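For the record, the sequence lines run as chains S and Z.
With the first letter of the first sequence counted as 1, position 117 gets the number 532 in the working numbering; the numbers rise by one all the way through.
With the first letter of the second sequence counted as 1, position 271 gets the number 289 in the working numbering; the numbers rise by one all the way through.
Please read the structure below before turning to the comments.
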Amino acid sequence: MRVSNTAIGLFLIVFAGTVLVYVQTFPSLDNGYPGPALFPRVLAVLFLLAGIGLVFEGRRSGEKLLKFDLGPITRAGLINIGLMLAVILAYIYLSDLLGFMILTPLLLLIMAKWLGVKTHWSLVLAVGLTLVIYVLFAKILLVPLPWGLWGW
Amino acid sequence: MEHILTAVSLIAQPYVLMIICISALYGLFVGAIPGLTATMATALLVPVTFFMDPVPALAAIVTMEAMAIFAGDIPGALVRIPGTPSSAAYVDESYALTQKGRAGFVLGVDVTVAAIGGMMGAVILIALAPMLAEIAMRFTSFEYFWLACIGLSCSVLVTKGSLLKGLISLLIGLFMTTVGVDITLGYPRFTFGITDFLNGFTFIPAMIGMFGVSEVMRNVTGDGCQCNVGAVQTQKLFNGIGPVLRKYRLNVARSGLVGTFVGILPGAGADIGAWIAYALSKKFSKEPEKYGTGHIEGIVDAGTANNAGLGGAWVPALVFGIPGDSITAIVIGVLFMKGLRPGPMIFQRTPEILYAVYIAFIFANLILIPFGVLAIKTGSQMLRVPRNMLMPAILMFCIVGAFAINNTTFDVGVMLACGILAYIMESNDIPVAPAILGIVLGRLLEESFMVSMIKSDWDLTVFFHRPVSAVLGVITVILWSSPVIAAWRGRRRVAEQVATEEAVCEPKIKELT
Chain S
416 MRVSNTAIGL FLIVFAGTVL VYVQTFPSLD NGYPGPALFP RVLAVLFLLA
466 GIGLVFEGRR SGEKLLKFDL GPITRAGLIN IGLMLAVILA YIYLSDLLGF
516 MILTPLLLLI MAKWLGVKTH WSLVLAVGLT LVIYVLFAKI LLVPLPWGLW
566 GW
Chain Z
19 MEHILTAVSL IAQPYVLMII CISALYGLFV GAIPGLTATM ATALLVPVTF
69 FMDPVPALAA IVTMEAMAIF AGDIPGALVR IPGTPSSAAY VDESYALTQK
119 GRAGFVLGVD VTVAAIGGMM GAVILIALAP MLAEIAMRFT SFEYFWLACI
169 GLSCSVLVTK GSLLKGLISL LIGLFMTTVG VDITLGYPRF TFGITDFLNG
219 FTFIPAMIGM FGVSEVMRNV TGDGCQCNVG AVQTQKLFNG IGPVLRKYRL
269 NVARSGLVGT FVGILPGAGA DIGAWIAYAL SKKFSKEPEK YGTGHIEGIV
319 DAGTANNAGL GGAWVPALVF GIPGDSITAI VIGVLFMKGL RPGPMIFQRT
369 PEILYAVYIA FIFANLILIP FGVLAIKTGS QMLRVPRNML MPAILMFCIV
419 GAFAINNTTF DVGVMLACGI LAYIMESNDI PVAPAILGIV LGRLLEESFM
469 VSMIKSDWDL TVFFHRPVSA VLGVITVILW SSPVIAAWRG RRRVAEQVAT
519 EEAVCEPKIK ELT
């Protein structure tokens, strides 16, 4: 997923500008010496310079301003990435409700089936890995896992 | 001596030995699978080691990395794909030998020189670290500020490709450390009212995201490697290795040193060490024309250097708290979370941790040969492990690991965001390593600067008052000016070339006209 250097540079310039404006709301030390704002401000200035440098490089190499190409990634590959990200989001939002023991094998099963693993192997993976993680974290390392509403 | 005995007794417990063996197998497996790096292995191992005592935790990481860097050679020789970036320098050479039917020989040499190189790195670490710690004892916030500057500058200067993109990566990492409560006034910066952000980005989930999730994203997009490999002839694996080692003993010594010292440089790890050792090998070889056709000399050099670099990377990590590579960066971040601040104080307060790292290094390199042989024998089977089953498993480990540290799904969100960030960065040739160093050193940099400034009532010249501080400051300034000087000299050389070409061409043009 490549974008042009110019676009990255422009993004950095806008980002740096926003930070520079925002850090003005930070308090300063006694006698007016810079305090919490100093470090972010220095970084923002460096971001600004780097952004200008990238725009300059991009313009000099004569690349298209709004280049956006997926490179070697196919449409199917992109959907796979989307699924992986969706699985993480599902874990964030559903683990408190469903709990580890339901959600983990379910998500593993979905991912494995989607990536073309045969059903019986998907089931082996889903159940097996859930048990391995359960034993490792909950039993050996004594780390609580999300138990969900049912307390599993 | 007393500490060494304590350390041996800490390592030689059945529980610790079992952990070392398991992490050795884990390292071999991850290293041998192309697309899974040793850094990713560390990021995934950290949530588990986080809940252990420091000694077994550090021993696990040291053993794992030694195994993974060697195991990266296995797919390099068998299918011409490096298992980790550290083996990339010599895959073509290894594969060329495999095509001549000598896969067993290459891997036998690989495992032997990896163990020798690793041992050299360990010995240099053990010899050098206490000496440097003596010096570091006298350091104050001024010196630490410059050290952080040197470390961060090195990480940018050693990046392959555009320096500007290396700098951007570093800035991203540094900026991430500004999130949370500030050290001067306790003012919450960039938290936007989210209480989870008050302590800043949680380090381990961020690492799991940047190395685990982004790797999974990359791996599910491709077709993966369709690895059809035959078994390696492993009957007489070590036949003919003795003469090779005798012939190239100076190469081994040179590359061990090169690898270790490249490892010591912050941000430059085993992969860069291997490239440099390979290039030097070709330059000083008596038979440079054979390189690329399946000549063992380059493999001996680069294979020694990458394992030697591992020990080197721990030198600045233990002595100054400045990571030598991405793996030690993760370790330092974790030690901070555990309240152990790496630096000269470790040498006084908790020397057993130090000696445990030393002994783990020696032990790991001793067991590298038997475990390595096992990995070579099962190498072709490991390469057949279906990727479409591996990726869901790794992703689930990432999620549970990120959750486990603080028991909050907020950290899983941090992991997700950092994973996407690292994926976008790498897709646009922005290296991730400087960002990691930025994340680890950002707080140290800001804290040492602010403390120094408040101590001196905002007199900037104090950074050059103390002699050691002044020397470090001058080194920093030289590092910063080096790209400018290099660019200027490059431009001048081009100008001179153009001038000489014109001088040569002009009379001819005149003649023609």
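Note that the Cβ used here is the ideal one computed from N, Cα and C, for glycine as well.
Quick caveat: nothing in here was measured; it's all calculated off a predicted structure.
Best match in the options for proximity to residue i [C-alpha to C-alpha]
i: Z:S500; options: Z:M70, Z:I40, Z:L175 and Z:G101; result: Z:L175
i: S:F552; options: Z:T322, Z:M414 and Z:I201; result: Z:M414
i: Z:Y376; options: Z:M228, Z:A84, Z:P32 and Z:A61; result: Z:A84
i: S:I562; options: S:A422, S:L518 and S:V434; result: The identity of residue 562 of chain S in the sequence shown is Trp, whereas the question assumes Ile. Among S:A422, S:L518 and S:V434, the Cα nearest to that of S:W562 is on S:L518.
i: Z:L170; options: Z:P360, Z:L372 and Z:A347; result: Z:A347
i: Z:V280; options: Z:V238, Z:A331, Z:T67 and Z:G258; result: Z:A331
i: Z:S299; options: Z:G310, Z:F354, Z:G316 and Z:A145; result: Z:G316
i: Z:A114; options: Z:L455, Z:A75, Z:P93 and Z:I134; result: Z:P93
i: Z:M70; options: S:L564, S:L560, S:P449 and S:I555; result: S:I555
i: Z:C167; options: Z:G460, Z:V480 and Z:V516; result: Z:G460
i: S:V418; options: Z:L462, Z:T518, Z:Q515 and Z:I448; result: Z:I448
i: Z:P404; options: Z:L23, Z:G53, Z:S41 and Z:K254; result: Z:G53
i: Z:G254; options: Z:A106, Z:I385 and Z:V391; result: In the sequence as displayed, the identity of residue 254 of chain Z is Lys instead of Gly. With distances taken between Cα atoms, Z:K254 lies closest to Z:V391.
i: Z:L386; options: Z:V66, Z:G135 and Z:T102; result: Z:G135
i: Z:V231; options: Z:G419, Z:T209 and Z:D91; result: Z:G419
i: Z:L497; options: Z:I364, Z:M433 and Z:L181; result: Z:L181
i: Z:R402; options: Z:M471, Z:T368, Z:L23 and Z:A50; result: Z:A50
i: Z:T532; options: Z:L478, Z:S445, Z:I259 and Z:A286; result: Here chain Z comprises residues numbered 19 to 531, so residue 532 of chain Z is not present and cannot be evaluated.
Residue i: contacting residues in chain S (beta-carbon distance under 8 Å)
i: Z:N406; result: A527, L530, G531 and V532
i: Z:L203; result: P442, L444, G450 and P451
Pair within 7 Å by beta-carbon distance, residue i and residue j
i: Z:A292; j: Z:N325; result: no
i: Z:F338; j: Z:A140; result: no
i: S:P442; j: Z:Y296; result: no
i: Z:V234; j: S:M499; result: yes
i: Z:A374; j: Z:A25; result: yes
i: Z:Y162; j: Z:S466; result: yes
i: Z:A56; j: Z:I87; result: yes
i: S:L493; j: S:G424; result: no
i: Z:I226; j: Z:C416; result: yes
i: Z:P452; j: Z:G184; result: yes
i: Z:P410; j: S:M526; result: yes
i: S:L427; j: S:G466; result: yes
i: Z:V469; j: Z:S27; result: no
i: Z:V318; j: Z:V131; result: yes
i: Z:S173; j: Z:L455; result: yes
i: Z:A561; j: Z:M194; result: Residue 561 of chain Z lies beyond the stretch modelled for chain Z, which goes from 19 to 531, so this question has no answer here.
i: Z:F208; j: Z:V199; result: no
i: S:V502; j: Z:A422; result: no
i: Z:A75; j: Z:V333; result: no
Cross-chain neighbours of residue i in chain S, by beta carbon under 9 Å
i: Z:T427; result: Y506, I507, Y508, S510, D511 and P561
i: Z:P306; result: The premise fails here: Z:P306 is roughly 34 Å from chain S at the closest Cβ pair, so nothing lies under 9 Å.
Listed by chain order, chain S residues near residue i by CB distance under 7 Å
i: Z:L455; result: Neighbours of Z:L455 on chain S: none; closest Cβ ~15 Å, over 7 Å.
i: Z:R509; result: The premise fails here: Z:R509 is roughly 14 Å from chain S at the closest Cβ pair, so nothing lies under 7 Å.
9 Å Cβ cut-off: residues of chain Z touching residue i
i: S:E472; result: S180 and L182
i: S:L522; result: P410, L413, M414 and I417
i: S:T421; result: Simply none; closest approach about 12 Å.
i: S:L540; result: M407, P410 and A411
i: S:L544; result: P410, A411, M414 and F415
Proximal residues of chain Z, C-beta to C-beta of residue i below 7 Å
i: S:M499; result: V234, M235, V238 and L413
i: S:F454; result: T196 and E464
i: S:T433; result: Going along chain Z, no residue has its Cβ under 7 Å from S:T433, so there is no contact; the nearest lies around 11 Å.
i: S:I488; result: T239
7 Å Cβ cut-off: residues of chain C touching residue i
i: Z:I417; result: Absent here is chain C; the protein component of the structure consists of chains S and Z.
Chain-ordered chain Z contacts of residue i [CB-CB under 8 Å]
i: S:V418; result: N446
i: S:F462; result: I186, L189 and F193
i: S:V558; result: F69, A422 and N425
i: S:L427; result: I186
i: S:I548; result: M414, F415 and V418
i: S:L551; result: V66
* Asked: Considering only residues of the segment 39-78 of chain Z, which uninterrupted alpha helix (DSSP H) runs meet the minimum length of 4 residues and lie entirely inside it, listed in chain order?
  -> With a minimum length of 4 residues, the continuous alpha helix (DSSP H) runs that stay inside the segment 39-78 of chain Z are 56-67.
* Could you tell me which uninterrupted beta strand (DSSP E) segments, each at least 3 residues in length, are contained entirely in the segment 405-481 of chain Z, listed from first to last along the chain? => Here no run is fully enclosed.
* To do: Please list the residues of the segment 186-197 of chain Z that have a C-beta atom closer than 7 Å to any C-beta atom in chain S, keeping them in chain order.
  => Look at the segment 186-197 of chain Z: the residues with a C-beta under 7 Å from a C-beta of chain S are I186, L189, L192, F193 and T196.
* Asked: Which residues, in order along the segment 429-455 of chain Z, keep a beta-carbon less than 9 Å from a beta-carbon of chain S?
  -> Result list: V430, G431, M433, L434, G437, I438, Y441, I442, S445, N446, D447 and I448.
* Any residues in the segment 465-497 of chain Z with a beta carbon nearer than 7 Å to a beta carbon of chain S? Which ones, in chain order? -> Cβ contacts with chain S come from W476.
* For the segment 140-188 of chain Z, which segments carrying the alpha helix (DSSP H) assignment without a break, of at least 4 residues, lie completely within its bounds, in sequence order? -> Complete alpha helix (DSSP H) runs here, min 4: 159-175.
* Using a Cβ-Cβ cut-off of less than 9 Å, list which residues of the segment 208-219 of chain Z approach chain S; keep chain order. => Here the close residues are F208.
* Which whole runs of the alpha helix (DSSP H) in the segment 259-347 of chain Z are 4 residues long or more, in chain order? -> Taken in chain order, the whole alpha helix (DSSP H) runs of length 4 or more contained in the segment 259-347 of chain Z are 259-265, 267-282, 288-302 and 314-338.
* To do: Would you mind listing the beta strand (DSSP E) stretches within the segment 446-508 of chain S that are 3+ residues and don't spill past its ends, in chain order?
  => Counting only runs of 3 or more, we get nothing.
* To do: Would you list, in chain order, the members of the segment 66-97 of chain Z that have their beta-carbon closer than 9 Å to a beta-carbon of chain S?
  => Flagged, chain order: V66, F68, F69 and M70.
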